[in-house]
Amino acid sequence: MKKTVERAELLKDMIQEAIEDGATTVEEVHQHIAGLPFDALEKLGLFEEQAGSLKEKQRKTIGLVYDTIRKVNQEVGSLISEQFAALEDARTASRNMDDKHDQDD
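Quick note on the working numbering: the sequence shown kicks off at 4 and runs consecutively.
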């Protein structure tokens with residue numbers, strides 16, 4: 004059972020890392036695409052001051068969304084790791100109780 008838990012933990016880590024990397028990649032693409040209209044406005048000389056300010060606000064807002072995704076991913080990973088640890092602790096406690104019971108017989 005210990006190997007099964009270790010494999011599950013490894014799989015959890017791989018999934019968590021894939022989500023982290025995926026969120027970062029998608030954020031980069033999202034930021035680039037979202038900035039294009041503001042870049043066009045700035046190049047045309049329209050709303051130059053406002054375009055820069057709005058672009059920065061949008062960049063921060065998009066960043067907060069992806070930061071939240073990464074934070075949730077981190078928290079879920081921690082929660083699952085805690086459950087794996089609790090499972091191992093319960094297994095160890097059960098084995099110790101069985102050993103003690105066998106000694107008492």
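Even for Gly, the Cβ is constructed at its ideal location relative to N, Cα and C.
Query	Result
Need the endpoints of the alpha helix (DSSP H) that leucine 49 sits in, please.	No alpha helix (DSSP H) contains leucine 49, which DSSP labels as neither H nor E.
Is the separation between the beta-carbon of glycine 80 and that of glutamine 61 shorter than 9 angstroms?	no
Taking the alpha-carbon positions, what's the leucine 14 to glutamate 85 distance?	15 angstroms
When you compare each of Leu82, Arg94 and Ala96 to glutamate 12 by their alpha carbons, which one comes out closest?	Leu82
Roughly how many angstroms lie between the CA atoms of alanine 43 and tyrosine 69, to the nearest whole one?	25 angstroms
Find the nearest neighbour of arginine 3 within the set Leu49, Glu51 and Gly25, judged by alpha-carbon distance.	No information on residue 3 is available, as it lies outside the stretch 4 to 108 that the chain covers here.
How about glutamine 106 and glutamine 19: are their beta carbons less than 9 angstroms apart?	no
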